[in-house]
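*Asks:* Sharing a structure here in structure tokens format.
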Amino acid sequence: MARRRTTTANTETSGTTGRRNPLLLAALALVVCAAGAAGWGGWQRYEASHDDAASFARARDDALAAGEQAVQNMNTLDHKALEQGLDSWEQSTTGDLHRQLVDGRDDFARQIAEAKTVSTAKVLSGAVTELDQRAGRAGVMVALRVTVTAPRGEPAVKESRLLGTLTRTSGGWKLSALGQAPVGSTAG
Amino acid sequence: MSSEGATDIGPGTEADVALDPGHGSEEAETRAPDPEDGADVSRRRWPRVLGALLTVALIATGGALYAEGRQLRDTPATANLALTDAEATTRVTGDVSSALSKVFSYGPGATATTRAAATEVLAGKALQQYATLFGQVERQSADQKLTLTTEVVRAGVTRLTDDSAHLLVFLDQVYERRGRAPTTASAQLTVVAELREGRWWIVEIGST
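Quick look at the structure:
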């Protein structure tokens, strides 16, 4: 009741004699806390987007996905859709490997057209063995099942172990080298 | 509500309403301690409404940013520690590689050593699988004087958490029969390993 009479002026929201309105203080504290929460949230968000481990993990998964897809593309070819197949080979590669494919394209297309084979591939498993984010290079290993169907005879199914090197380009990760994992080099 | 003073009879709100008809009930709702006149009250309410809105907006912003940050950080990609935890990756790759070379290498007279080694690196389903397989191998090895040497060509971690790992392993297996040229076979395996008592144990072996 006493407070009611001391606060008559419009501008005054609290007591004039140092007796502050506890409600106002609480409200101010709440606003400060809220500001703190916003700041903290912002900091967390900033940290997350600059988290090296997170971006490394993303790059690793991107590289693996691109690598597996590229390896599968490179082992898929239908003699009835040669141009389309070889285009996909070229799109999956970069650097030396890409150059080799472009240079050898005509000869290879002729061979496949004569052999009339259809190759399909299925990735069984794959892993990234190394990743250098700065250099934009990654090493992948892929276990692959390739089925080659010739005009005559049963389809040949072969499992192969492939080692590939990926290079990051403006169009994503692409294969710059691909080969069979050497057999007998370690203990032969 | 405001139950100040001895004049209040019963609950504070009722007393206020009785004293200030016209503003009382409204004031009681907004907890204003000083009901003076209508214009005054609405002018006074502005800072409070603004303050409340500001508070809510700030908290909501903070929450939204935090949630966004969590979303960026806690993805399936970040849950997989393969390569991101380089030390753990190297360790599990090394442990599993040496375990595989050990359990898939044997000489004609030394299958017992291999079998004993297996119980130290294999566990669970992998140990059962191995026991079945190795029974046949032991007989053949004794009959044909067969030596098998297994070398890991390349091992990669597909998925790694604090205590479990999935790996893809490329192996070369060299068979030697006495008096014949050795033959090399290539193989690929998927392996599941678990960290138990500070050591990686192979708990499952599958052909890819």
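In order, the protein sequences belong to chains A and B.
First residue of the first sequence? That's 1 in the UniProt record's numbering, and the numbers climb one at a time after it.
First residue of the second sequence? That's 1 in the UniProt record's numbering, and the numbers climb one at a time after it.
C-beta atoms are modelled at their ideal positions from N, C-alpha and C, and glycine is treated no differently.
(1) Does the count of Cβ pairs from the segment 40–52 of chain A and the segment 63–79 of chain B closer than 8 Å reach three?
(2) On the DSSP bridge assignment, give the partners of isoleucine 59/B in chain order.
(3) If you drop the 5 nearest sequence neighbours on each side, which residues of the same chain put their C-beta closer than 6 Å to that of alanine 66/A?
(4) Going by CA-CA distance only, name the one from Arg45/B, Trp201/B and Gly51/B that's closest to valine 31/A.
(5) Specify, as a first and last residue, the run of the beta strand (DSSP E) that arginine 134/A falls within.
(6) Residue ranges of each beta strand (DSSP E) run of no fewer than 3 residues wholly in the UniProt domain "SnoaL-like" (74–177) of chain A, ordered along the chain?
(7) Which same chain residues, not among the five before or five after valine 118/A, have their C-beta less than 6 Å away from its C-beta?
(8) With C-beta atoms as the reference, is aspartate 163/B less than 8 Å away from leucine 122/B?
(9) In the DSSP assignment, the alpha helix (DSSP H) including leucine 25/A goes from what residue to what residue?
(10) So with CB distances below 9 Å, who are the chain B contacts of leucine 178/A?
(11) Buried or exposed: which applies to aspartate 132/A, given that a residue is buried once 16 or more other Cβ atoms fall within 10 Å of its Cβ?
(12) Could you please give the first and the last residue of the uninterrupted alpha helix (DSSP H) stretch that includes serine 105/B?
(13) So, is serine 92/A buried or exposed, given that buried needs 16 or more other C-beta atoms within 10 angstroms?
(14) Confirm, please, whether the CB-CB distance from leucine 65/B to glycine 95/A is below 8 Å.
(15) For leucine 133/B, report the span of its alpha helix (DSSP H) as first-last.
(16) Would a check of beta-carbon distances place glutamine 188/B closer than 8 Å to chain A?
(17) Between lysine 80/A and chain B, is the shortest Cβ-Cβ distance under 8 Å, so that the two count as touching?
(18) In chain A, what lies closer than 7 Å to glycine 69/B by C-beta?
(19) Per the contact definition of three or more C-beta pairs closer than 8 Å, is the segment 143–155 of chain B in contact with the segment 102–113 of chain A?
(20) Have a look at Gly36/A, Ala181/A and Lys80/A and flag the residue whose alpha-carbon is nearest the alpha-carbon of lysine 116/A.
(21) Can you round the beta-carbon distance between threonine 129/A and arginine 159/B to whole angstroms, since I take them to be within the 8 Å contact cut?
(22) Compute the Euclidean distance between the alpha carbons of glutamine 188/B and glutamate 138/B, then round it to the nearest angstrom.
(23) Rounded to whole angstroms, what's the CA-CA distance from arginine 152/A to arginine 161/A? Just pull it up for me.
(24) Checking the sheet assignment: what are the DSSP bridge partners for tryptophan 200/B?
(25) Taking only beta carbons into account, state which residues of the segment 124–157 of chain B come closer than 9 Å to chain A, listed in chain order.
(26) Please report the straight-line C-alpha distance between leucine 25/A and threonine 89/B, rounded to a whole angstrom.
(27) Do glutamine 144/B and arginine 177/B have their C-beta atoms within less than 8 Å of each other?
(28) Against chain B, which members of the segment 125–141 of chain A pass a CB distance test of less than 9 Å?
(29) Anything in the segment 48–68 of chain B with a Cβ closer than 9 Å to a Cβ of chain A? List those residues in chain order, please.
(30) Within 8 Å (strictly less), CB to CB, does alanine 28/B reach chain A?
(31) Could you tell me which chain B residues have their CB closer than 8 Å to the CB of glutamate 159/A, listed as they occur along the chain?
(32) Considering only the alpha carbon of each residue, which of Glu204/B, Tyr106/B, Arg73/B and Ala79/B lies closest to glutamine 44/A?
*Replies:* Let me spell this out:
(1) The segment 40–52 of chain A is in contact with the segment 63–79 of chain B.
(2) Partner residues in a beta bridge of isoleucine 59/B, as assigned by DSSP, do not exist.
(3) Only Gly172 and Trp173 meet the Cβ criterion.
(4) Distances from the alpha-carbon of valine 31/A to those of Arg45/B, Trp201/B and Gly51/B put Gly51/B closest.
(5) No beta strand (DSSP E) contains arginine 134/A, which DSSP labels as neither H nor E.
(6) Taking only runs of at least 3 residues, the beta strand (DSSP E) segments lying wholly in the UniProt domain "SnoaL-like" (74–177) of chain A are 118–132, 137–149 and 156–169.
(7) Once the five neighbours on either side are set aside, the close Cβ partners of valine 118/A are Asp78 and Thr149.
(8) No; because the gap between Cβ atoms is not below 8 Å, this pair is not in contact.
(9) DSSP places leucine 25/A in the uninterrupted alpha helix (DSSP H) bounded by 22–49.
(10) Around leucine 178/A, no beta-carbon contact reaches into chain B at under 9 Å, the shortest distance being about 14 Å.
(11) Exposed, by the Cβ-count rule.
(12) Counting along the chain, serine 105/B falls outside any alpha helix (DSSP H), and DSSP gives it neither H nor E.
(13) Buried, by the Cβ-count rule.
(14) Not in contact: glycine 95/A and leucine 65/B (Cβ atoms no closer than 8 Å).
(15) 124–144 is the span of the alpha helix (DSSP H), which, as asked, contains leucine 133/B.
(16) Cβ-Cβ to chain A under 8 Å: yes for glutamine 188/B.
(17) No, lysine 80/A lies away from the interface with chain B (no Cβ there is under 8 Å from its Cβ).
(18) The contacting residues are Gln44, Arg45, Glu47 and Ala48.
(19) Touching, no, given that fewer than three Cβ pairs across the two stretches are closer than 8 Å.
(20) Comparing Cα positions, the closest option is Lys80/A.
(21) Not confirmed; about 14 Å, so no contact.
(22) If you take the alpha carbons of glutamine 188/B and glutamate 138/B, they lie about 22 Å apart.
(23) One C-alpha to the other measures close to 26 Å.
(24) According to DSSP, tryptophan 200/B bridges with Leu195/B.
(25) Within the segment 124–157 of chain B, the residues whose Cβ lies closer than 9 Å to some Cβ of chain A are Thr149, Thr150, Glu151, Val152, Val153, Arg154, Ala155, Gly156 and Val157, listed in chain order.
(26) A straight-line Cα-Cα distance of about 54 Å links leucine 25/A and threonine 89/B.
(27) It is a contact, given that the beta carbons lie within the stated cut-off.
(28) For the segment 125–141 of chain A, the residues whose beta carbon sits under 9 Å from a beta carbon of chain B are, in order, Ser125, Gly126, Ala127, Val128, Thr129, Glu130, Leu131, Gly139, Val140 and Met141.
(29) Legend: CB atoms of the segment 48–68 of chain B lying less than 9 Å from CB atoms of chain A belong to residues Arg48, Gly51, Ala52, Leu54, Thr55, Val56, Ala57, Leu58, Ile59, Ala60, Thr61, Gly62, Gly63, Ala64, Leu65, Tyr66, Ala67 and Glu68.
(30) Bear in mind that the predicted position of alanine 28/B carries a pLDDT of just 44, short of 50, making it too unreliable to give a figure here.
(31) Within chain B, the residues near glutamate 159/A are Gln188 and Thr208.
(32) Between glutamine 44/A and the set Glu204/B, Tyr106/B, Arg73/B and Ala79/B, the nearest pair of CA atoms involves Arg73/B.
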